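Peer 1:
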Amino acid sequence: MKTNLLFLCLMLCLGLHAQESSSDIEIPIRVGYFADNGVHPGLKLGTSMLLKEVVKVRTYRSSASPNGKASKTLYRQYLGDAQVGFYHHPNNHNGFFVGLGVTRKLSSSKTYFSRAWSFEVNYLRRAYNIETFEIDGNGELKSVDGAGNNSLMFVLSPTLARVFGKRNGNEGVEIYVKPSLQVLKYNHAFFPNAAIEGGFVLNLFNKKVAK
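Count the sequence shown with the working numbering and you get residues 22 to 232, in order.
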């Protein structure tokens, strides 16, 4: 039930993204190396949809300006995120997850760097990659295929990113690093965990289309 609900939410997010893209074509694709506990390798893919943007212009003193003043534009964006990924824990399990999230991102016209905070809710399936047994009705051990467990994964993450190739409003390629603090829920218990993610964000299209 949890899987179906998150899958439907993911499809809804992508559907809204597609509607928005019909007028403003901008499809950010995140591709990142994902390491559970910092050592178990994996891959994470995602996309985002702009929910709200606040733009402010600030004036400050500048000796380089003829009138002694200069300005910069500050951007505060609120994004809806969708992500899917996996990781491999040798001699234990393979983890597969899918989910949704929200991000608050801050950037400026005077720097190539940005910072953000994200919160995600993911559905995690841990499939054991070792031989697993259970005791049957006769009290004998028998092998179990496809053994594993399911959980919800709550994730809080700061992000530091830098844009490369920014020219004339083109966002170029964004390189980011994203450490994560996770809380996993199994049955009625909660367990802390951590991960690290690093990769790039590429806008497949970054072009305004007249309506």
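Cβ coordinates follow ideal geometry from the N, Cα and C atoms, glycine included. Note that the structure is predicted; figures quoted are calculated from it, not measured.
1) At what residue ranges does the segment 133 to 176 contain a whole run of the beta strand (DSSP E), taking only runs of 3 or more?
2) Just verifying my parser: in three-state terms, what is the DSSP assignment at S83?
3) Taking Cβ to Cβ, would you say V204 is nearer than 9 Å to M174?
4) Examine the Cβ distances between the segment 71 to 78 and the segment 105 to 118 and report whether three or more of them are shorter than 8 Å.
5) Determine the extent of the beta strand (DSSP E) in which H109 is found, giving its start and end residues.
6) Which residues bound the beta strand (DSSP E) around H236?
7) The beta strand (DSSP E) that contains V198, what's its start and end?
8) Where E21 and S69 are concerned, what is the direct C-alpha to C-alpha distance, given to the nearest angstrom?
9) Go ahead and pull the three-state DSSP assignment for N224.
10) Less than 7 Å between C-beta atoms, sequence neighbours within five positions excluded: which residues of the same chain meet that for S92?
11) Helix, strand or coil for V60? Go by DSSP, reduced to three states.
12) How close, in whole Å, do the beta carbons of R147 and L181 come, if the pair is a contact with beta carbons under 8 Å?
13) If you draw a straight line from the alpha carbon of I196 to that of K206, how long is it in whole angstroms?
14) Give a yes or no on contact between the segment 92 to 106 and the segment 120 to 139, applying the rule of three or more CB pairs nearer than 8 Å.
15) If you measure between the beta carbons of V198 and G167, is that distance less than 9 Å?
16) Which residue or residues does DSSP assign as beta-bridge partners of G67?
17) What does a CB cutoff of less than 8 Å around V165 pick up in its chain, not counting 5 residues either side in sequence?
18) For R51, tell me which candidate among A216, N214 and G106 has the shortest Cα-Cα distance.
19) Can you check which of these residues, D57, H209, K163 and P179, is closest to S172 by C-alpha distance?
20) In this structure, how does DSSP classify G219 when only helix, strand and coil are distinguished?
21) Who pairs with L181 in a beta bridge, going by DSSP?
Peer 2: According to the data block:
1) 134 to 149, 153 to 156 and 162 to 165
2) Working through the sequence shown from its first residue, we reach residue 83 at position 62. The answer is coil: DSSP assigns S83 none of H, G, I, E or B.
3) Here residue 204 refers to the residue found at position 183 when the sequence shown is read from its first residue. Here residue 174 refers to the residue found at position 153 when the sequence shown is read from its first residue. The answer is yes: Cβ separation under 9 Å.
4) no
5) Taking the first residue of the sequence shown as position 1, residue 109 is located at position 88. Unbroken beta strand (DSSP E) run through H109: K90 to H110.
6) For the chain, the structure presents residues 22 to 232; residue 236 sits outside this window and is missing.
7) Reading the sequence shown from its first residue, position 177 is the one you call residue 198. Residues V194 to Y207.
8) Past the boundaries of the shown model lies residue 21; the chain is included only from 22 to 232, so the question cannot be answered.
9) Taking the sequence shown and counting its residues from 1, the one referred to as residue 224 is at position 203. Of the three classes helix, strand and coil, the one that applies to N224 here is strand, per DSSP.
10) On the sequence shown, position 71 is the one that residue 92 refers to. V78, R79 and T80.
11) Here the question's residue 60 lines up with position 39 in the sequence shown. It is coil, neither helix nor strand.
12) Here residue 147 refers to the residue found at position 126 when the sequence shown is read from its first residue. Here residue 181 refers to the residue found at position 160 when the sequence shown is read from its first residue. Going by Cβ atoms, the distance from R147 to L181 rounds to 29 Å, so no, they are not a contact pair.
13) The sequence position of residue 196 within the sequence shown is 175, counting from 1. The sequence position of residue 206 within the sequence shown is 185, counting from 1. Approximately 31 Å between the Cα atoms of the pair.
14) yes
15) Here residue 198 refers to the residue found at position 177 when the sequence shown is read from its first residue. Here residue 167 refers to the residue found at position 146 when the sequence shown is read from its first residue. Not closer than 9 Å, so no.
16) One-based indexing of the sequence shown puts residue 67 at position 46. BP columns for G67 point to R51 and Q104.
17) Position 144 of the sequence shown, counting from 1, holds the residue named residue 165. These residues qualify, in order along the chain: T153, F154 and E155.
18) Numbered from 1 along the sequence shown, position 30 holds the residue referred to as residue 51. Nearest option by C-alpha distance: G106.
19) The residue labelled residue 172 in the question sits at position 151 within the sequence shown. Per the Cα distances, H209.
20) Residue 219 sits at position 198 when you count from the first residue of the sequence shown. Three-state DSSP puts G219 in a strand.
21) In the sequence shown, the residue the question calls residue 181 occupies position 160. Partner(s): R136 and V198.
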